[in-house]
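Asker: Starting off with a structure, shown below.
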Amino acid sequence: MSRCATVALIGRPNAGKSTLSNAILGAHLSIVTPKPQTTRKRVLGIFTDDDTQLIFVDTPGILKPRYKLQHAMLGYVHESVDESDILCVVVDVVKAAERGTIDDPLIDTLLAKRQGTPTILVLNKMDALRDKQQALVLIEQARLSGRYTKAIAISASEKKYVDDLVSMLKEYAPEGPFVYDADELSTLPQRFFVAELIREAVFTLFREEVPYATDVTIVEFEERSEGKWYIAADIIVERDTQKAILIGAKGAALKTIGERARAAIEEHLEHPVYLELYVKVRSDWRNDRSQLAGLGY
Ligand SMILES: Nc1nc2c(ncn2[C@@H]2O[C@H](COP(=O)(O)OP(=O)(O)OP(=O)(O)O)[C@@H](O)[C@H]2O)c(=O)[nH]1
Ligand SMILES: [Mg+2]
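The numbers in our numbering rise by one with no breaks, and the one at position 92 of the sequence shown is 92.
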């Protein structure tokens with residue numbers, strides 16, 4: 001009998017959920033940047049081997065929402081937790097060791113509503129932890145807390161012990177048929193990945209508030225039978241000053257965003273593209289319900 005499980009990857013911003021998801025799936029499905037709150041939606045990735053299918057749901061980092069976009073992001077986390085067979089709580093082990101505890105009120109409240117669901121504590125970024133002994137203390141805490149079924153220490157970016165985590169997850173997957181074809185990697189449309197790769201470029205190239213005030217929407221995506229595919233995208237910002245920053249002197253900044261994003265998009269689509277970017281101001285979109293809906297939140 002085959003096994004199949006939906007696995008939610010949840011945790012604080014910047015813990016390494018997206019890096020882990022990509023490492024398991026062997027594909028750059030989720031964008032990754034050094035900045036917290038990179039992921040804003042649910043990114044579904046399908047792992048299938050001979051007899052088990054694990055459907056991973058990468059989610060936005062858990063935080064106390066301050067504006068409507070963050071409310072929507074937290075909503076995705078709740079949905080993912082509610083719909084999963086297994087929960088994977090990804091924790092930055094360096095930060096947990098500094099705090100001296102795995103307790104986290106925001107995460108623990110979420111876990112409380114799914115008591116009885118297999119819940120794995122994933123201590124990530126072990127490569128960055130100097131005193132490895134501290135991880136053992138945290139794992140023992142996890143055992144005593146009663147909230148976790150198992151705990152494991154890994155390094156997602158170095159792909160260390162990621163296979164062990166996958167084996168562990170397979171053990172907890174309930175018996176049942178595959179939900180998706182064995183060769184399917186994701187159900188999300190190409191437009192989603194293209195928009196995310198443009199946002200990844202903005203997150204990587206700009207500092208402070210600009211990435212957080214930015215979103216991307218695909219206006220046109222034309223797969224031409226000959227030559228490059230044509231993609232036009234709007235980069236949405238909240239203010240004229242942010243627009244000026246993204247465009248830069250004589251358009252230099254926008255050119256850099258375009259070059260970087262185009263390279264990533266061509267790698268993802270495995271096809272050359274012509275990418276046209278426009279920067280548009282939509283005042284306070286992060287706090288405007290109808291604008292957020294228009295952006296797919
Ligand atoms: N040293 C180290 N860094 C890591 C590891 N895993 C992830 N990172 C880094 O941590 C940062 C955040 O990684 P993400 O995968 O984007 O984290 P996330 O949990 O998805 O973050 P949000 O989407 O913002 O919630 C990036 O700079 C990663 O390269 C790891 O195992 N070791
Ligand atoms: Mg992420």
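Where a beta carbon is used, it is the ideal one built from N, C-alpha and C, also for glycine.
Entirely within the stretch 163-234 and at least 3 residues each: give me those beta strand (DSSP E) ranges in chain order.
Answerer: 215-222
Asker: Flag Lys17 as yes when its Cβ comes closer than 6 Å to any non-hydrogen atom of ligand 2, and as no otherwise.
Answerer: yes
Asker: According to the neighbour-count rule (16 or more other Cβ atoms, all chains shown, within 10 Å of its Cβ), is Tyr297 buried or exposed?
Answerer: Buried: at least 16 other Cβ atoms inside 10 Å.
Asker: Which of the three DSSP states is assigned to Lys160 in this structure?
Answerer: strand
Asker: If I measure Cβ to Cβ from Gln53 and keep anything under 6 Å in the same chain, skipping five residues before and after, which residues do I get?
Answerer: Cys4 and Phe178
Asker: Do Glu223 and Trp229 have their C-beta atoms within less than 7 Å of each other?
Answerer: yes
Asker: At the level of alpha carbons, what is the spacing between Met1 and Glu175?
Answerer: Separation of Met1 and Glu175 (C-alpha to C-alpha, rounded to the nearest whole angstrom) is 6 Å.
Asker: Output needed for Thr204: all residues of its chain with C-beta closer than 6 Å, excluding positions within five of it in sequence on either side, in chain order.
Answerer: In the same chain as Thr204, and ignoring 5 residues on each side of it, the C-beta atoms closer than 6 Å to its own belong to Thr33, in chain order.
Asker: Where Arg191 and Ile218 are concerned, what is the direct C-alpha to C-alpha distance, given to the nearest angstrom?
Answerer: 6 Å
Asker: Where Tyr278 and Asp284 are concerned, what is the direct C-alpha to C-alpha distance, given to the nearest angstrom?
Answerer: 18 Å
Asker: Could you pull out every residue in the same chain whose Cβ sits closer than 7 Å to the Cβ of Ala72, ignoring the five residues on either side in sequence?
Answerer: Leu292 and Tyr297
Asker: Could you tell me the alpha carbon to alpha carbon distance between Tyr161 and Ala153, rounded to whole angstroms?
Answerer: 7 Å
Asker: Pick out whichever of Ile24, Val57 and Lys17 has its Cα sitting closest to the Cα of Asp82.
Answerer: Val57
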